[in-house]
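When the count follows this note's numbering, it moves up by one through the sequence shown with no breaks and lands on 261 for the last residue. Have a look at the structure below, then the notes.
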Amino acid sequence: MLPEDERAQWVAEYIAAHGLSDAFRMLGVCAVPWTEPLGRAVVDALDIARDAGSYPWSFSGVMGLAERCLDPDAADRLAMLTTLTDEPADGSPGAVGYWSEAFLRLVGTLRLRATMRAELAP
140 MLPEDERAQW VAEYIAAHGL SDAFRMLGVC AVPWTEPLGR AVVDALDIAR DAGSYPWSFS
200 GVMGLAERCL DPDAADRLAM LTTLTDEPAD GSPGAVGYWS EAFLRLVGTL RLRATMRAEL
260 AP
């Protein structure tokens, strides 16, 4: 019911306040590519999940949406998330490596989308 920009802003604020666990359906009805504030909120929430030591496959649906819906111009900004960090003491063993791979795939997909967009531009 909300206009596209207002809907994206509302979902971004919801994710910032509540995380991604209940946001999947809301993300699916936002215009593509996601606005910068919405994309930033999603990436920040994924980064928080990584820092908490969660496994990335718990967020595979959101990662898949991010590959399709983030603005491809965000790839270079997200490249820093591909680095391996120290594993949190209370995190899941090996999760840091899995997150690095997940973010590498995300960045790679965004770069591919940017290349395709450039090739298809008139």
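Even for Gly, the Cβ is constructed at its ideal location relative to N, Cα and C.
*Would you kindly work out how many angstroms separate the C-alpha atoms of leucine 220 and leucine 245, rounded to a whole number?*
10 Å
_Once the 5 residues before and after alanine 180 are set aside, which same chain residues still bring their CB inside 7 Å of it?_
Ala151, Ile154, Ala155
*asked:* On the DSSP letters alone, give me the boundaries of the alpha helix (DSSP H) that tryptophan 149 sits inside.
replied: 143-157
*Of the residues His157, Leu177, Gly158, which one's Cα is nearest the Cα of glutamate 143?*
Leu177
*Could you tell me which uninterrupted beta strand (DSSP E) segments, each at least 3 residues in length, are contained entirely in the stretch 200-255, listed from first to last along the chain?*
none
*Taking all protein chains shown into account, decide if phenylalanine 198 is buried (16 or more other Cβ within 10 angstroms of its Cβ) or exposed.*
buried
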